[in-house]
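Engineer: Counting from 1, position 29 in the sequence shown corresponds to residue 28 in numbering that gives the first Met the number 0; the numbering is continuous, with no gaps.
Built from N, CA and C at the ideal position, the CB exists for glycine as well.
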Amino acid sequence: MFSSGNFANVQIDLGLLMTYDWNWKVDAHLSSSYYGNTGGLCGNFNQLPGDELRSPEDFLMPNVIIWATSWKVEDGDPLCFHECSGKCPTCDQQQLAKYKTDGHCGIVSVSNGPFQDCHATLDPNIILDNCALDVCMNGGDHGILCQAVNSYAEACHTKGRRVGDWRTPINCRKC
Numbered sequence: 000m001f002s003s004g005n006f007a008n009v010q011i012d013l014g015l016l017m018t019y020d021w022n023w024k025v026d027a028h029l030s031s032s033y034y035g036n037t038g039g040l041c042g043n044f045n046q047l048p049g050d051e052l053r054s055p056e057d058f059l060m061p062n063v064i065i066w067a068t069s070w071k072v073e074d075g076d077p078l079c080f081h082e083c084s085g086k087c088p089t090c091d092q093q094q095l096a097k098y099k100t101d102g103h104c105g106i107v108s109v110s111n112g113p114f115q116d117c118h119a120t121l122d123p124n125i126i127l128d129n130c131a132l133d134v135c136m137n138g139g140d141h142g143i144l145c146q147a148v149n150s151y152a153e154a155c156h157t158k159g160r161r162v163g164d165w166r167t168p169i170n171c172r173k174c
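So this is what it looks like as structure tokens:
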């Protein structure tokens, strides 16, 4: 185990490197010698996106919701739930629209904005929808907004795309 920048790293001689940002994000980097020989939530590592959604029993699932549910493990955590009973959190369309604006999650999709160089490589609409829903369902939590947009920025950097200043317009400080 070693640290590098803001990350804790665990490297195993078998070709696996795990990185953790001390907050919420874990990345797994696996040697190409495992190509086509993995399974689980990270996929099967064969470059064929059409066969990634496999259950623990190796059945191909029809959509991402059913697939994710197949991997769910009950742990008794009251903050982690699949179905809601009682007073369930909601987010109406007006609230959701607010978080899709340029001053919030919408910054990822502004055509001449800080992520413009990344749009052709990584579709911003997926992160836009997920970010807006997460922020909305958590009462406008600014930290969640910053984490979501930062994850898109990191993905863009990983793909070699240039990202402009996105932190200032939405008031996210760098960790």
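With a cut-off of 8 Å on the beta carbons, I'd call I169 and G75 a contact; round off their distance for me.
Structural biologist: Position 170 of the sequence shown, counted from the start, is the residue given in the question as residue 169. Position 76 of the sequence shown, counted from the start, is the residue given in the question as residue 75. Going by Cβ atoms, the distance from I169 to G75 rounds to 35 Å, so no, they are not a contact pair.
Engineer: Quick one: residues in its chain with C-beta nearer than 6 Å to the C-beta of D57, no 5 flanking neighbours on either side, listed in chain order?
Structural biologist: Residue 57 sits at position 58 when you count from the first residue of the sequence shown. Once the five neighbours on either side are set aside, D57 has no close Cβ partner at all.
Engineer: Could you tell me the boundaries of the alpha helix (DSSP H) in which H141 lies?
Structural biologist: Looking up residue 141 in the sequence shown gives position 142. Looking at the DSSP string, the run of the alpha helix (DSSP H) that includes H141 is 141-157.
Engineer: Measuring straight from C-alpha to C-alpha, what distance separates A96 and G49?
Structural biologist: For the purposes of this step, residue 96 is taken as the residue at position 97 of the sequence shown. For the purposes of this step, residue 49 is taken as the residue at position 50 of the sequence shown. Their backbone Cα atoms lie some 31 Å apart in a straight line.
Engineer: What residue does the beta strand (DSSP E) around M17 start on, and which one ends it?
Structural biologist: Locating residue 17 in the sequence shown gives position 18, where the first residue counts as 1. Run containing M17: 15-19, per the beta strand (DSSP E) assignment.
Engineer: Excluding five sequence neighbours on each side, which residues of the same chain lie with their C-beta closer than 7 Å to the C-beta of C135?
Structural biologist: Walking along the sequence shown from the start, residue 135 turns up at place 136. Correct list, in chain order: C90, Q94, L95, Y98.
Engineer: Since R166 contacts C117 with CB under 8 Å, what's their CB separation in whole angstroms?
Structural biologist: Along the sequence shown, one-based indexing puts residue 166 at 167. Along the sequence shown, one-based indexing puts residue 117 at 118. That belief does not hold up - the Cβ atoms of R166 and C117 are roughly 15 Å apart, past 8 Å.
Engineer: Could you give the DSSP three-state label for L132: helix, strand or coil?
Structural biologist: Along the sequence shown, read from residue 1 onward, the residue named residue 132 stands at position 133. L132: helix per DSSP, three-state reduction.
Engineer: Could you give the DSSP three-state label for N137: helix, strand or coil?
Structural biologist: Here residue 137 corresponds to residue number 138 of the sequence shown, with the count starting at 1. In this structure, N137 counts as coil in the three-state DSSP scheme.
Engineer: Under DSSP, the alpha helix (DSSP H) around I106 begins and ends at which residues?
Structural biologist: Here residue 106 is taken as the residue at index 107 of the sequence shown, counted from 1. Counting along the chain, I106 falls outside any alpha helix (DSSP H), and DSSP gives it neither H nor E.
Engineer: What does the alpha-carbon distance come out to for the pair I106 and R172?
Structural biologist: Taking the sequence shown and counting its residues from 1, the one referred to as residue 106 is at position 107. Taking the sequence shown and counting its residues from 1, the one referred to as residue 172 is at position 173. Cα to Cα, I106 sits roughly 15 Å from R172.
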